[in-house]
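Peer 1:
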Amino acid sequence: MTLSQDRRAELLGACRLFSTVQPTDLVNLAERAVEVDFPPDRVIARQGEIGTGFFVVVAGSVRVVRDGEELAVLGPGEFFGELSVLDGKPRVAQVVSVTETRCLALASWDFEAALLANPSLALAILRGMAERLRTKTEQQHH
Numbered sequence: 039m040t041l042s043q044d045r046r047a048e049l050l051g052a053c054r055l056f057s058t059v060q061p062t063d064l065v066n067l068a069e070r071a072v073e074v075d076f077p078p079d080r081v082i083a084r085q086g087e088i089g090t091g092f093f094v095v096v097a098g099s100v101r102v103v104r105d106g107e108e109l110a111v112l113g114p115g116e117f118f119g120e121l122s123v124l125d126g127k128p129r130v131a132q133v134v135s136v137t138e139t140r141c142l143a144l145a146s147w148d149f150e151a152a153l154l155a156n157p158s159l160a161l162a163i164l165r166g167m168a169e170r171l172r173t174k175t176e177q178q179h180h
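Here my numbering is used: the first residue of the sequence shown is 39, the next is one more, and so on.
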C-alpha cells in the first residue's frame, strides 16, 4: 500500500532524528522520500560500498552488522545510512532486513538538497548524529 505524503511526513516525524524538525520541513522531506519494501534477509546496505541512500525504518526490523558482528537491531522510527550519504565514503556496516521491512528512503542527492534547503533539518541531523556518537562513546567507557 502506498503511503500518502502526509503519512510519510508523520512517519519521518516519529523518527528521533527528525523530532525537532518543523512540520513544513517534514512535508518537504516527505515529498522526496520513496517507500521501499524488503523481504527477510535482504541486504539493504553493504559494508564497504558507497551509499546512495538514507533510510528510516517504518515497519519490520533490520540488523546492523560490521565485520560479521551484530552491532544493533533497528526497528520502526530508527534510521541508517546517514554517514555514507553525508560524506560519500564507503558504508561502515552492512544492514540486512530481519523480517518483511518497509523503509522510507532518500537518495543521497535528495537528502543533500533537503539539508541545503532546510537549516533546521541539517541541525536536527547533526544533533541526531552527535547523540548516536555520544551514546556509543559512553557505552565504551562504562
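Don't be surprised by glycine CBs; every beta carbon is placed ideally from N, CA and C.
For residue 162, does the three-state DSSP call read helix, strand or coil?
Peer 2: Along the sequence shown, read from residue 1 onward, the residue named residue 162 stands at position 124. Assigned with DSSP and collapsed to three states, residue 162 falls in helix.
Peer 1: Quick one: Cα of residue 135 to Cα of residue 78, how far?
Peer 2: As a position in the sequence shown, residue 135 is number 97, starting the count at 1. As a position in the sequence shown, residue 78 is number 40, starting the count at 1. Answer to the nearest angstrom: the Cα atoms are 5 Å apart.
Peer 1: Quick one: using the 10 Å Cβ neighbour count with 16 as the cut-off for buried, is residue 173 buried or exposed?
Peer 2: Translated into positions along the sequence shown, residue 173 becomes position 135. So residue 173 ends up on the exposed side.
Peer 1: For the beta strand (DSSP E) that contains residue 76, what are its first and last residues?
Peer 2: Walking along the sequence shown from the start, residue 76 turns up at place 38. Residues 72-76.
Peer 1: Determine the extent of the alpha helix (DSSP H) in which residue 135 is found, giving its start and end residues.
Peer 2: Walking along the sequence shown from the start, residue 135 turns up at place 97. For residue 135, no alpha helix (DSSP H) run applies; the uninterrupted beta strand (DSSP E) run containing it begins and ends at 132-135, by DSSP.
Peer 1: Tell me the rounded alpha-carbon separation between residue 109 and residue 103.
Peer 2: For the purposes of this step, residue 109 is taken as the residue at position 71 of the sequence shown. For the purposes of this step, residue 103 is taken as the residue at position 65 of the sequence shown. Going by the C-alpha atoms only, they are around 6 Å apart.
Peer 1: From 158, 120 and 75, pick the residue whose C-alpha is nearest to that of residue 146; which is it?
Peer 2: Counting from 1 along the sequence shown, the entry for residue 146 is found at position 108. It is 120 whose Cα lies nearest to the Cα of residue 146.
Peer 1: Excluding the five sequence neighbours on either side, which residues of its own chain have a C-beta within less than 6 Å of the C-beta of residue 72, listed in chain order?
Peer 2: By one-based count along the sequence shown, residue 72 stands at place 34. Contacts found: 143.
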